[in-house]
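Residue numbers (full-length UniProt numbering): 1 to 390. Ideal Cβ positions, reconstructed from N, Cα and C, are used throughout, including at glycine. Reading through the structure tokens given below for one structure.
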Ligand code: ADP
Ligand code: MG
């Protein structure tokens with residue numbers, strides 16, 4: 001689960017990670033009042049969506065008067081903000097964060113992510129803040145310092161010194177400020193079961209202080225049960241409604257932009273199926289793992305979710321029956337054709353436990369849209385051909 005910048009900054013503040021002061025608003029009038037309450041003479045109006053790159057997309061603007069705050073807020077609220085992370089359709093802005101303008105001397109990058117190979121959180125820092133970190137990683141990887149922290153010992157002085165050295169921070173006061181910042185950020189990460197925190201940019205002010213100018217946080221969904229305060233920060237409007245519905249039925253669904261709907265059991269087979277579709281010249285419309293406990297109901301639900309996507313021109317069902325029995329899947333397909341209008345060809349490859357029974361069920365049902373496939377390659381080829389209308 002991800003949260004908004006203003007929410008991440010609320011958590012930062014609790015742990016003593018310094019941020020500029022700010023107040024969130026839903027209307028231009030409220031934005032005006034927020035700026036008035038913050039005081040000062042420069043404010044930044046920031047679109048709150050679950051995506052980065054807002055500045056370049058026109059979602060972060062500087063205002064030099066209270067009236068300008070109001071005008072900018074009215075322009076940004078309600079806009080369909082397109083950034084490199086939203087996809088071409090963009091995201092609707094429903095909230096703006098009004099923040100005091102900061103005195104930026106230097107822009108750095110600081111993040112914490114889980115390194116699954118090392119089985120430890122890794123703090124990443126770079127002097128190249130404000131830019132896309134992916135680009136820095138690709139073009140000048142030596143400019144990113146990575147420090148793994150063993151959770152058994154926590155953040156220690158030597159971790160901090162490695163970061164200071166990598167960032168070239170030599171001034172004594174700045175060193176002290178930075179160490180305090182990094183340690184507090186590590187605590188935010190650990191205490192809240194975060195999966196990632198990204199501060200880009202982390203700024204150094206003219207006074208040598210460090211401030212989180214931006215804040216992104218993602219959490220481990222499986223740990224949300226112990227963080228009701230974070231669960232409360234969930235913004236459903238930012239999440240894909242189909243993915244949420246799928247998760248209610250125990251289906252792992254991720255929508256993609258291709259044409260062939262996929263229904264597969266097991267994440268590995270699902271990835272392999274998508275690769276094979278690509279190899280055969282087609283494009284998958286989704287990732288869907290029906291899981292090990294798939295039954296007629298979940299399969300029918302899977303069809304319903306896949307078919308909501310108007311780009312879907314064919315559906316490829318690729319199930320290898322182990323714990324999942326193929327006859328149950330076959331019944332699920334029948335159920336689906338009764339419950340929803342399956343208006344595209346369905347290519348079915350069922351193999352493993354009870355495959356012959358499944359073939360019999362489908363044959364006897366005589367559904368016109370169903371095409372049988374013998375193996376993965378055959379199924380993928382038939383799905384690609386069907387999607388092309390061949
Ligand atoms: P995003 O990463 O989504 O584009 P940021 O929060 O990083 O959004 O803001 C983009 C840029 O806007 C920053 O790199 C910074 O230059 C400027 N900016 C953001 N917040 C402030 C602020 N409070 N004061 C001054 N400049 C800001
Ligand atoms: Mg940013």
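Check your understanding: CA-CA distance, residue 128 and residue 203?
Key -> As a working note, residue 128 is residue 128 in the chain shown. As a working note, residue 203 is residue 203 in the chain shown. If I take the Cα positions, the gap works out to 11 Å.
Point to revise | Of the listed residues 69, 299 and 13, nearest to residue 32 (C-alpha basis) | key: Sequence index remark: in the chain shown, residue 32 carries index 32 (1-based). Answer by Cα proximity: 69.
Point to revise | Given 8 Å, three or more beta-carbon pairs between the stretch 118-132 and the stretch 101-110 | key: Counting Cβ pairs under 8 Å, three or more are found: they touch.
Point to revise | Three-state secondary structure (DSSP) of residue 239 | key: Here residue 239 corresponds to residue number 239 of the chain shown, with the count starting at 1. DSSP places residue 239 in coil when its eight states are reduced to three.
Point to revise | Candidates 375, 288, 200 and 224: closest to residue 214 by CA position | key: Here residue 214 is taken as the residue at index 214 of the chain shown, counted from 1. Looking at 375, 288, 200 and 224, the one whose alpha-carbon comes closest to that of residue 214 is 200.
Check your understanding: So the beta strand (DSSP E) residue 97 belongs to, where does it begin and stop?
Key -> As a first step, residue 97 must be located in the chain shown, where it is residue number 97. Taken as a continuous stretch (DSSP letters only), the beta strand (DSSP E) holding residue 97 covers 96-100.
Exercise for review: Identify every run of the alpha helix (DSSP H) within the stretch 42-84, keeping only runs that are complete inside it and at least 4 residues long; order them along the chain.
Suggested key: Here the runs fully enclosed are 54-57 and 66-76.
Check your understanding: When the distance is taken between beta carbons, is residue 320 closer than 7 Å to residue 352?
Key -> For the purposes of this step, residue 352 is taken as residue 352 along the chain shown, with counting starting at 1. For the purposes of this step, residue 320 is taken as residue 320 along the chain shown, with counting starting at 1. The answer is yes: Cβ separation under 7 Å.
Review point. Who are the Cβ neighbours of residue 367 in its own chain at under 6 Å, not counting the five residues just before and after it?
Key: Counted from its first residue, the chain shown places residue 367 at position 367. 337, listed in sequence order.
Review point. Are residue 354 and residue 378 close, meaning C-beta to C-beta below 7 Å?
Key: For the purposes of this step, residue 354 is taken as the residue at position 354 of the chain shown. For the purposes of this step, residue 378 is taken as the residue at position 378 of the chain shown. With respect to residue 378, residue 354 sits apart: the two C-beta atoms are not nearer than 7 Å.
Check your understanding: Alpha carbon to alpha carbon, what distance is there between residue 65 and residue 35?
Key -> Within the chain shown, the letter at position 35 stands for residue 35. Within the chain shown, the letter at position 65 stands for residue 65. For residue 35 and residue 65, the distance between alpha carbons rounds to 9 Å.
Check your understanding: What residues are listed by DSSP as bridge partners for residue 205?
Key -> Indexing the chain shown from 1 puts residue 205 at position 205. Looking at the DSSP assignment, residue 205 forms a beta bridge with 104.
Review point. Can you pull the DSSP bridge partners for residue 262?
Key: Position 262 of the chain shown, counted from the first residue, corresponds to residue 262. 316.
**Study point:** Complete alpha helix (DSSP H) runs within the stretch 166-214 (minimum length 4 residues, chain order)
**Key:** 172-191
Check your understanding: According to DSSP, is residue 15 helix, strand or coil?
Key -> Indexing the chain shown from 1 puts residue 15 at position 15. In the three-state scheme derived from DSSP, where H, G and I count as helix and E and B as strand, residue 15 is classed as coil.
Review point. Can you tell me the Cα-Cα spacing of residue 29 and residue 58, whole angstroms?
Key: As a working note, residue 29 is residue 29 in the chain shown. As a working note, residue 58 is residue 58 in the chain shown. So the alpha carbons of these two residues sit roughly 20 Å apart.
Check your understanding: Closer than 6 Å: is that where the CB of residue 73 sits relative to any heavy atom of ligand 1?
Key -> Indexing the chain shown from 1 puts residue 73 at position 73. Residue 73: no, Cβ never under 6 Å from ligand 1.
**Study point:** At least three beta-carbon pairs within less than 8 Å, the stretch 140-154 to the stretch 227-241
**Key:** The stretch 140-154 vs the stretch 227-241: no contact.
Exercise for review: Provide the residue span of the beta strand (DSSP E) that contains residue 121, from first to last.
Suggested key: Residue 121 sits at position 121 when you count from the first residue of the chain shown. Its beta strand (DSSP E) spans residues 120-126.
Exercise for review: From the DSSP output, read off the bridge partner residues of residue 284.
Suggested key: One-based indexing of the chain shown puts residue 284 at position 284. Looking at the DSSP assignment, residue 284 forms a beta bridge with 260.
Practice item. Go ahead and label residue 138 buried or exposed: buried means 16 or more other beta carbons lie within 10 angstroms of its beta carbon, across all protein chains shown. Key: For this step, residue 138 is matched to residue 138 along the chain shown. In the assembly as shown, residue 138 is an exposed residue. Its beta-carbon has fewer than 16 other beta-carbons within 10 Å.
Exercise for review: Enumerate in chain order the residues of its own chain whose CB-to-CB distance from residue 331 is below 7 Å, with the five nearest sequence positions on each side excluded.
Suggested key: For this step, residue 331 is matched to residue 331 along the chain shown. Cβ neighbours of residue 331 beyond the five flanking positions: 296 and 361.
Review point. How would you label residue 240, buried or exposed, when you count the other beta carbons within 10 angstroms and need 16 or more for buried?
Key: Here residue 240 corresponds to residue number 240 of the chain shown, with the count starting at 1. So residue 240 counts as exposed.
Check your understanding: Is the beta carbon of residue 210 less than 7 Å from the beta carbon of residue 165?
Key -> Locating residue 210 in the chain shown gives position 210, counting from the first residue. Locating residue 165 in the chain shown gives position 165, counting from the first residue. No. Outside cutoff.
Review point. Pick from 357, 304, 111 and 6: whose alpha carbon is nearest that of residue 183?
Key: Walking along the chain shown from the start, residue 183 turns up at place 183. When each option's Cα is compared against that of residue 183, the closest is 111.
Point to revise | For residue 33, the first and last residue of its enclosing alpha helix (DSSP H) | key: As a working mapping, residue 33 is identified with position 33 in the chain shown. First-last of the alpha helix (DSSP H) with residue 33: 28-38.
Practice item. Please work out which residues of its chain come closer than 8 Å, Cβ to Cβ, to residue 304, disregarding the five sequence neighbours upstream and downstream, and give them in chain order. Key: Taking the chain shown and counting its residues from 1, one reaches residue 304 at position 304. 336, 339 and 340, listed in sequence order.
Review point. For the alpha helix (DSSP H) that residue 269 lies in, which residues bound it at each end?
Key: Looking up residue 269 in the chain shown gives position 269. Segment 267-279, the alpha helix (DSSP H) holding residue 269.
Point to revise | Distance cut 6 Å, beta-carbon to ligand 2 heavy atom: residue list by chain order | key: 52, 200 and 214
Review point. Under 6 Å from any heavy atom of ligand 1, does the C-beta of residue 54 make it?
Key: Taking the chain shown and counting its residues from 1, the one referred to as residue 54 is at position 54. Yes, ligand 1 has a heavy atom inside 6 Å of this Cβ.
Exercise for review: Please state whether DSSP places residue 352 in a helix, a strand or coil.
Suggested key: If you number the chain shown from 1, residue 352 lands on position 352. The answer is strand: DSSP assigns residue 352 an E or B state.
**Study point:** alpha helix (DSSP H) segment containing residue 393, residue limits
**Key:** Nothing can be reported for residue 393: it is not among the residues displayed for the chain, which extend from 1 to 390.
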